[in-house]
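One structure below.
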Amino acid sequence: MFENVLVGGVFGGETSERLAYGPSMEALELAGLGAKANTRAGALTLLERKRLELARALAPGRRVLLLDEIAGGLSEPEVHELVEVIRRVHGAGVAIIWIEHIVHALRSVVSRLAVISAGRMLMDGAPDEVMASAEVQRVLPGNRRAVDPVSVAP
Numbered sequence: 004m005f006e007n008v009l010v011g012g013v014f015g016g017e018t019s020e021r022l023a024y025g026p027s028m029e030a031l032e033l034a035g036l037g038a039k040a041n042t043r044a045g046a047l048t049l050l051e052r053k054r055l056e057l058a059r060a061l062a063p064g065r066r067v068l069l070l071d072e073i074a075g076g077l078s079e080p081e082v083h084e085l086v087e088v089i090r091r092v093h094g095a096g097v098a099i100i101w102i103e104h105i106v107h108a109l110r111s112v113v114s115r116l117a118v119i120s121a122g123r124m125l126m127d128g129a130p131d132e133v134m135a136s137a138e139v140q141r142v143l144p145g146n147r148r149a150v151d152p153v154s155v156a157p
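Residues in the sequence shown are numbered from 4 upward in steps of one, following our numbering.
If you want it as structure tokens, here you go:
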């Protein structure tokens with residue numbers, strides 16, 4: 004699995020393998036996979052594969068991370084675990100833009116939430132304020148597929 008992250012560090016960071024080694028291991032640790040560095044990627048659970056993707060994206064040392072539906076397919080306990088990893092990544096100084104339909108995951112992490120429906124911005128602001136909006140409430144319950152919540156971690 005470490006090699007998967009190293010590839011991200013080398014090619015994403017346009018650097019040598021030697022220089023990408025340390026940051027790649029740090030990215031694995033940050034994603035909570037340091038102890039599994041020598042595990043084959045094919046043997047990972049879905050949550051671990053999502054953490055691996057995070058580590059691969061972090062390996063080049065980027066300070067902004069775009070997450071697109073990263074919580075999709077996870078069980079509720081796994082979503083909570085993933086949220087904790089995302090909090091840790093954000094706490095390490097990485098700005099996060101997160102597109103997600105599992106709204107409670109977004110709300111537990113972000114400082115700003117934007118809801119877009121049919122290509123139109125419905126509302127943008129503090130998560131509680133956005134979710135309390137009559138227009139957002141109107142489209143969220145019965146038409147989840149047409150709504151794209153986008154958020155930005157502080």
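Every residue, glycine too, gets a C-beta built ideally from N, C-alpha and C.
For clarity, every value in this text was computed on a predicted model and none was experimentally measured.
Asked                                                                                                                                                                                        : Found
For the segment 93-154, list the alpha helix (DSSP H) runs that are entirely contained and at least 4 residues long, ordered along the chain.                                                : 106-110, 130-135 and 137-142
Taking the alpha carbon of residue 49 as the point to measure from, which residue in 64, 141, 122 and 85 has its own alpha carbon closest?                                                   : 85
Put residue 68 into one of helix, strand or coil per three-state DSSP.                                                                                                                       : strand
From the DSSP output, in three-state form, read off residue 157 for me.                                                                                                                      : Because residue 157 sits at a pLDDT of 49, beneath the cut-off of 50, its placement in the model cannot be relied upon, and the following sentence gives the value as read from the coordinates. In the structure shown, residue 157 sits in coil (DSSP, three-state: anything other than H, G, I, E or B).
Is the segment 61-71 touching the segment 19-32 in the sense that three or more CB pairs, one from each, lie closer than 8 Å?                                                                : yes
Measuring only the C-alpha atoms, how far is residue 6 from residue 52?                                                                                                                      : 14 Å
Among 106, 119 and 9, whose alpha-carbon lies nearest the alpha-carbon of residue 55?                                                                                                        : 9
What did DSSP end up calling residue 19 once you bin it into helix, strand or coil?                                                                                                          : coil
Please work out which residues of its chain come closer than 7 Å, Cβ to Cβ, to residue 139, disregarding the five sequence neighbours upstream and downstream, and give them in chain order. : 118, 125, 126 and 133
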